[in-house]
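Trainee:
In our numbering, the protein residues as written are 334 to 399.
#1: Pick out whichever of 375, 381 and 385 has its Cα sitting closest to the Cα of residue 394.
#2: For my contact list, residue 347 and residue 360 are in at a C-beta cut-off of 8 angstroms; report their separation, rounded to the angstrom.
#3: For residue 334, does the three-state DSSP call read helix, strand or coil?
#4: Would you report the Cα separation of residue 343 and residue 337, rounded to the nearest angstrom?
#5: Please go through the same chain and pick out, in chain order, the residues whose beta-carbon is closer than 7 angstroms to the beta-carbon of residue 398, but skip the five residues on each side of it.
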């Protein structure tokens, strides 16, 4: 996972519980000045983050990027 790769951790060291994985990622990112918000109640498996410029251009789907 990105958590393992980004932090140089073996996959076997990652928690299998979602809450524990969240807390681990949050604590590891804290030392880099990254602040995590509370967990959302949705699944963002297929989410895409874009810069404000793309949002202002009306990009609302992956198809819009093509």
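All residues carry an ideal CB built from backbone N, CA and C; glycine is no exception. All of these numbers come straight from a predicted model, not from anything done at the bench.
Mentor: If we stick to the structure as given:
#1: Closest in alpha carbon position to residue 394, among 375, 381 and 385, is 381.
#2: Wrong, their Cβ atoms sit about 13 angstroms apart, outside the cutoff.
#3: Of the three classes helix, strand and coil, the one that applies to residue 334 here is coil, per DSSP.
#4: It is roughly 6 angstroms from the alpha-carbon of residue 343 to the alpha-carbon of residue 337.
#5: Within the same chain, residue 398 has close Cβ partners 392.
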